[in-house]
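**Q**
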Amino acid sequence: MAMNHPTPPAGAPTSPPAKRPLDTVVKMALGVLFGSFALIWGGMFLSRPDRSIPPYSIGSQEETIVAVHVPPWTSDTEIETLIERFRKVGRETRNFGPMKIRPTTPDDPQGRYQRIAIYVFTDEGWTEPDMLHKYVAGDDATVRKGFESSVRGFYRLEGREEEGRMGPVPQGKDSAATAAYSRQLFKGPAVAGSAESQAGSRP
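Quick note, the sequence shown lines up with residues 7 to 209 if you use my numbering.
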């Protein structure tokens, strides 16, 4: 005997298909992913010397070259503040140890940080040790160009000379064309710190 199924009246709401809950493994993977980002950002935020500069981490360091990573949302103003902090340290104490940078000239009798070049990136990939090594080696022109064009800020201290920049490292001299994407903050003699400060930066 055929059974008649009642037909729902026109306009009656139909129940949506039940959504499948997320698989436990997927939930765990998402938790690990977001947890990792939180740990990285939290570590950068809490470990910075003070709250007047943006959070940052030392991605890698090779000889006198240092690659620094800041979060992608860091503004130009905040990066400039960080560059100015490097300048302040270079002028007053020349001891970048509290800023998590290893000695760049450990055997120099004048001090452990007589030469240093700091590149600031928002793209963490450029701060990886293997990438910095390729840049320092200078054998790959593509890597060198990509590295310098991805820079958000730059600080250099060479003996008594200092330089600070915002934006990518320009290819060649500064010009009206490079001013559209790269800006020099300062360049010239660095004011040496006191004898006590210089002595404090030595082993």
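Ideal Cβ positions, reconstructed from N, Cα and C, are used throughout, including at glycine.
#1: Taking Cβ to Cβ, would you say Glu68 is nearer than 7 Å to Leu163?
#2: Going by other Cβ atoms of all chains shown within 10 Å of its Cβ, with 16 needed for buried, is Pro109 buried or exposed?
#3: Look at the Cβ atom of Ile71, then the Cβ atom of Arg91, and state whether they are nearer than 7 Å.
#4: Using a 10 Å radius around the Cβ and a threshold of 16 neighbouring Cβ atoms, would you call Leu214 buried or exposed?
#5: Enumerate in chain order the residues of its own chain whose CB-to-CB distance from Arg166 is below 6 Å, with the five nearest sequence positions on each side excluded.
#6: Just confirm the distance between the C-beta atoms of Glu172 and Arg150, as a whole number of angstroms; I'd bet it's less than 8 Å.
#7: According to DSSP, what are the bridge partners of Ala123?
#8: Could you pull the DSSP bridge partners for Gln190 from this structure?
#9: CA-CA distance, Lys106 and Pro135?
#10: From the DSSP output, in three-state form, read off Pro109 for me.
#11: In terms of residue numbering, what span does the alpha helix (DSSP H) encompassing Ala147 cover?
#12: Could you tell me if Phe153 is buried or exposed, where buried requires 16 or more neighbouring beta carbons within 10 angstroms of its beta carbon?
#13: Smallest Cα separation from Ile122: which of Gly41, Tyr161, Arg57, Ala186?
#14: Answer with buried or exposed for Ser200, where buried requires no fewer than 16 other C-beta atoms within 10 angstroms of its C-beta.
#15: So for Pro60, helix, strand or coil by DSSP?
#16: Using alpha carbons as the reference points, say which of Ala73, Lys94, Phe192 lies closest to Gly131.
#17: How far does the alpha helix (DSSP H) with Gly131 in it reach, from first residue to last?
#18: Taking only three categories from DSSP, how would you classify Gly178?
#19: Return the residue from the list Phe192, Lys193, Pro174, Val126 that minimises the CA-CA distance to Gly184.
#20: Do you know offhand how far Arg118's Cα is from Gly170's?
#21: Compute the Euclidean distance between the alpha carbons of Val76 and Tyr62, then round it to the nearest angstrom.
#22: My assumption, with CB atoms under 8 Å, is that Leu191 sits in contact with Ile124. Please give the rounded CB distance.
**A** In brief:
#1: no
#2: buried
#3: no
#4: With the chain covering only 7 through 209, there is no way to say anything about residue 214.
#5: Pro195, Ala196
#6: Checking the sequence shown, residue 172 turns out to be Met, not Glu. With 8 Å as the limit, Met172 and Arg150 do not qualify as a contact, their Cβ atoms being about 20 Å apart.
#7: Ile71, Arg162
#8: Arg171
#9: 16 Å
#10: coil
#11: 147–155
#12: buried
#13: Tyr161
#14: Its pLDDT being 40, under 50, Ser200 is placed unreliably in this model, and the coordinates cannot settle the point.
#15: coil
#16: Ala73
#17: It is not in any alpha helix (DSSP H) - Gly131 carries neither H nor E in the DSSP assignment.
#18: coil
#19: Just to set this straight, residue 184 is Thr in the shown sequence, not Gly. Ranking the options by Cα distance to Thr184, first place goes to Pro174.
#20: 20 Å
#21: 5 Å
#22: That pair is no contact at about 13 Å.
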